[in-house]
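Input: a single structure, listed below in structure tokens.
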Amino acid sequence: MEKQIVLETRDLTKKYDGRTVVDHLNLHVAENEVFGLLGPNGAGKTTTILMLLGLTEPASGNARVFGFDSTREPLKVKRITGYLPERLGFYEGLTARQNLRFIAWLNNMTDDEAERQIDQVLAEVGLTEVADTAVGKFSRGMKQRLGIADVLVKKPRLAILDEPTAGLDPEGINQIIDLIAALPKMGTTVVMCSHRLYEVQRICHSIAILAKGKLVVEGDLDAIGREAFAEGRYRIEVETDGASPQLVGVIGKVKGVKNVEAKGNLLHITTDSDLRAAISRVVVDSGAALVQMKVEEFSLDDIYKRYFQEG
Amino acid sequence: MITIIRKELADYFTSIRCFILFLLVLVASAVALYAAQQGIRGADTQSGFVFTALFTTGTNIPSLITFIALLVPVIGIALGFDAINNERSTGTLNRILSQPIYRDSVINGKFLAGLVTLAIMILVAMLLVAGYGLRMIGVPPGAEEIIRLFIYFVAVIIYGAFWMGLAILFSVLFRSLAVSLLCPLAIWILLGNPVFNPYVSFIAPAMTNSIGTYLLLLRISPYWLFAESTEALLDPFFRGLGILTVSDTTGMLYRPLSLDQSLLLVWPQLTALICLTVVCFAVSYVVFMRQEIRST
């Protein structure tokens with residue numbers, strides 16, 4: 000099933016004072032997925048986001064969000080896009096509800112619709128009880144959650160979140176992450192920047208890694224892992240009650256298997272595709288007991304480190 | 000943009016800053032009223048312009064127009080100096096600009112909301128003095144006086160708009176609140192304050208010996224332009240801006256100028272003030288539109 004691409008950049012480039020900050024960037028984000036934009040500080044993530052929203056002009060190239068050109072039709076893009084800035088600020092003297100109401104008004108919502116939507120998003124982020132408290136009294140975590148509410152109040156089709164979990168405690172992080180993970184089901188595509196690779200791996204379907212304004216790698220998270228560690232192949236780990244050379248031989252003959260290594264009772268099998276079903280059949284047929292079998296997962300941490308060792 | 004004006008106005012009216020400014024305006028009106036009460040008997044009431052004298056009469060206590068000339072720049076600067084850079088430093092500018100609005104509605108909305116606030120303050124002061132003055136002297140204003148006062152009111156708004164535009168300009172240019180407050184204040188002290196004005200008293204006279212050039216130099220100062228216009232607007236007997244020689248005044252009838260003649264007299268001054276305001280605002284507008292939005 001080919002997913003529809005809703006956000007696309009073509010050779011997007013930005014220069015500040017002659018220094019290239021974003022360099023011919025090509026990104027593709029499919030509808031209703033969580034897309035992680037990764038990279039060290041100063042890699043050009045925030046600049047890219049600002050260009051996506053039409054808040055800053057690219058030197059060359061273009062960006063399209065739901066078919067709208069970010070530079071030429073920024074209003075149409077901003078109408079359907081919610082943005083959580085890295086350093087988010089609220090009017091400290093106003094209450095949470097008043098802050099959200101202002102945003103709702105700016106989005107031309109009617110009063111009824113705005114109130115309903117505000118109640119709903121405040122409940123979603125768990126701030127209903129403090130809805131009428133001045134934001135100045137909020138903790139960092141509460142402000143961050145209000146920031147998410149602020150993005151959701153306009154019912155965006157695309158949410159761009161810059162460091163949505165920065166400065167939160169572990170429990171707060173989990174709440175926010177769960178909230179973000181639930182967004183695609185409600186019809187909101189998410190693009191998020193984060194330095195917390197573990198979180199990204201938990202909720203992102205695909206990622207892009209930037210370094211010095213250039214795209215290092217982009218794509219499906221699992222595919223990138225395989226690409227990075229097994230030259231695009233699957234690595235399957237099989238544990239049996241006794242690995243005989245004979246078994247190794249049999250598995251090696253399964254179509255698609257490239258290599259089999261035995262290490263005690265563990266077999267490491269490299270294959271072209273997910274051949275777990277075929278391998279398990281062969282193991283059982285050979286008379287050995289299959290204790291467990293899994294496709295090796297690549298931690299994003301390893302992937303990230305690997306790309307930056309090379310770069 | 001209506002939404003932004005609405006929000007800015009709500010902000011202003013609930014802020015301590017505005018409360019203090021309102022207090023200042025009230026105190027100034029009370030003092031001016033007292034001054035008018037003390038001085039009105041000595042004022043020239045033959046001409047039939049008694050009502051405007053309420054605003055212009057002061058003894059050793061300054062009159063309302065002096066107070067307004069002093070206060071309006073302060074109000075303008077106080078309302079405008081943190082318009083943009085405060086939003087930028089608290090991170091709210093980012094958030095607003097990522098909403099589906101044109102970027103210029105932010106700066107336009109702020110400017111207009113400031114003007115409305117300023118207008119309300121000045122209107123309150125003028126109505127207070129007019130109302131209590133009416134009770135005090137019992138002479139109702141004539142139609143011409145009302146028109147003169149209204150034009151004066153408009154001139155005050157323009158003058159305030161100039162200072163606010165200047166303050167907004169600095170708030171666009173500089174990130175630091177202290178700098179964006181000090182810059183317009185420095186300009187105000189140098190060129191715009193009616194109490195002790197180094198430009199009018201020392202700098203301009205030191206630059207030239209000719210009276211004509213001196214007057215020209217003075218008119219660089221927005222305060223001078225404003226002072227000349229208000230004087231001519233509220234005092235129908237005021238007929239010469241600058242120096243009148245004996246030959247000019249010989250044979251001059253001691254009669255008030257008609258409204259259109261008074262207006263004609265100050266038209267260049269008013270135009271210059273409007274121009275200055277437009278230039279200030281236009282520069283801040285352009286700079287703001289081209290500025291990068293990066294928060295870092």
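Chains as they are written, first to last, in numbering that gives the first Met the number 0: chain S, 0 to 310; chain L, 0 to 295.
Heads up, the beta-carbon is just placed ideally off N, CA and C, and yes, glycines get one too.
For residue i, return the contacting residues in chain L, with the cut-off set at a CB-CB distance below 9 Å.
{"i": "D149 of chain S", "result": "R94"}
{"i": "P84 of chain S", "result": "G90, N93, R94, S97, S294"}
{"i": "K77 of chain S", "result": "L96, S97, Q98, P99, I100"}
{"i": "L87 of chain S", "result": "G90, T91, N93, R94"}
Give the interface partners of residue i over in chain S, defined as CB-CB distance under 7 Å, in chain order.
{"i": "S283 of chain L", "result": "Neighbours of S283 of chain L on chain S: none; closest Cβ ~19 Å, over 7 Å."}
{"i": "K6 of chain L", "result": "F101"}
{"i": "I100 of chain L", "result": "L105"}
What's the gap between the Cα of residue i and the Cα of residue j?
{"i": "F101 of chain S", "j": "L176 of chain L", "result": "24 Å"}
{"i": "L74 of chain S", "j": "E198 of chain S", "result": "32 Å"}
{"i": "V290 of chain S", "j": "M50 of chain S", "result": "52 Å"}
{"i": "T188 of chain S", "j": "L196 of chain S", "result": "19 Å"}
{"i": "T295 of chain L", "j": "S220 of chain L", "result": "For T295 of chain L, the predicted structure reports a pLDDT of 45, less than 50, and the residue's modelled location is therefore unreliable. A value from the coordinates is still provided. Distance between the alpha carbons of T295 of chain L and S220 of chain L: 37 Å."}
{"i": "L36 of chain S", "j": "L209 of chain S", "result": "7 Å"}
{"i": "G125 of chain S", "j": "V5 of chain S", "result": "30 Å"}
{"i": "I159 of chain S", "j": "A281 of chain L", "result": "33 Å"}
{"i": "S272 of chain S", "j": "Q119 of chain S", "result": "44 Å"}
{"i": "L78 of chain L", "j": "Q3 of chain S", "result": "49 Å"}
{"i": "Q203 of chain L", "j": "L217 of chain L", "result": "Checking the sequence, you will find Ala at residue 203 of chain L rather than Gln. Approximately 6 Å, taken between the alpha carbons."}
{"i": "K153 of chain S", "j": "T132 of chain S", "result": "21 Å"}
{"i": "E123 of chain S", "j": "Q116 of chain S", "result": "10 Å"}
{"i": "R225 of chain S", "j": "A288 of chain S", "result": "28 Å"}
{"i": "L23 of chain L", "j": "T94 of chain S", "result": "29 Å"}
{"i": "S261 of chain L", "j": "V153 of chain L", "result": "15 Å"}
{"i": "M0 of chain S", "j": "S59 of chain S", "result": "Residue placement at M0 of chain S cannot be trusted, given a pLDDT of 47 that sits under 50; what the coordinates show is reported in the next sentence. Looking at the two C-alpha atoms, the distance is approximately 33 Å."}
{"i": "I19 of chain L", "j": "I74 of chain L", "result": "10 Å"}
{"i": "Q245 of chain S", "j": "Y233 of chain S", "result": "22 Å"}
{"i": "F12 of chain L", "j": "I76 of chain L", "result": "16 Å"}
{"i": "I176 of chain S", "j": "G140 of chain S", "result": "13 Å"}
{"i": "Q36 of chain L", "j": "A185 of chain L", "result": "35 Å"}
{"i": "R305 of chain S", "j": "V215 of chain S", "result": "11 Å"}
For residue i and residue j, which I take to be in contact (beta-carbon distance under 8 Å), what is that distance rounded to the nearest angstrom?
{"i": "H204 of chain S", "j": "L220 of chain S", "result": "7 Å"}
{"i": "I121 of chain L", "j": "I156 of chain L", "result": "7 Å"}
{"i": "A124 of chain L", "j": "I64 of chain L", "result": "Actually they do not touch by this definition, with Cβ atoms about 10 Å apart."}
{"i": "I235 of chain S", "j": "M191 of chain S", "result": "About 31 Å; that fails the 8 Å criterion."}
{"i": "Q98 of chain L", "j": "N106 of chain S", "result": "6 Å"}
{"i": "I250 of chain S", "j": "V281 of chain S", "result": "6 Å"}
{"i": "V71 of chain L", "j": "Y158 of chain L", "result": "6 Å"}
{"i": "I292 of chain L", "j": "L172 of chain L", "result": "Wrong, their Cβ atoms sit about 15 Å apart, outside the cutoff."}
{"i": "T80 of chain S", "j": "L52 of chain S", "result": "6 Å"}
{"i": "F48 of chain L", "j": "P267 of chain L", "result": "The pair is not a contact, with the Cβ atoms about 24 Å apart (cut-off 8 Å)."}
If the cut is a Cβ gap below 8 Å, which residues of chain S does residue i touch?
{"i": "F2 of chain L", "result": "First, the amino acid is wrong: residue 2 of chain L is Thr here, not Phe. Within 8 Å Cβ-Cβ: F101, W104, L105."}
Taking C-beta pairs closer than 7 Å, name the residues in chain L that residue i reaches, listed in chain order.
{"i": "Y90 of chain S", "result": "T91"}
Between the segment 47-73 of chain S and chain L, which residues of the former have CB atoms less than 8 Å from a CB of the latter, in chain order?
L49, L52, L54, T55
Just to confirm the assignment: which complete alpha helix (DSSP H) runs, minimum length 4, are found wholly within the segment 1-84 of chain S?
Runs found: 44-51, 73-79.
Interface residues of the segment 263-291 of chain L facing chain S [CB-CB below 9 Å]
Contacts with chain S (Cβ-Cβ distance below 9 Å) from the segment 263-291 of chain L involve E291, listed in chain order.
Short of 7 Å Cβ to Cβ, which residues in the segment 278-305 of chain S face chain L?
none
At which residue ranges does the segment 157-216 of chain S contain complete beta strand (DSSP E) runs of 3 or more residues, listed in the order of the chain?
Runs of the beta strand (DSSP E) inside the segment 157-216 of chain S: 157-161, 188-192, 205-210.
Going along the chain, which residues of the segment 101-122 of chain L sit with their C-beta nearer than 8 Å to a C-beta in chain S?
Y101
Counting only runs that start and end within the segment 184-265 of chain L, where is the alpha helix (DSSP H) found for 4 or more residues in a row?
203-206, 210-217, 221-233, 245-248
Can you give, in chain order, each stretch of the alpha helix (DSSP H) that sits fully within the segment 219-267 of chain S and has at least 4 residues?
Entirely contained in the segment 219-267 of chain S, the alpha helix (DSSP H) runs reaching 4 residues are, in chain order, 220-229, 244-251.
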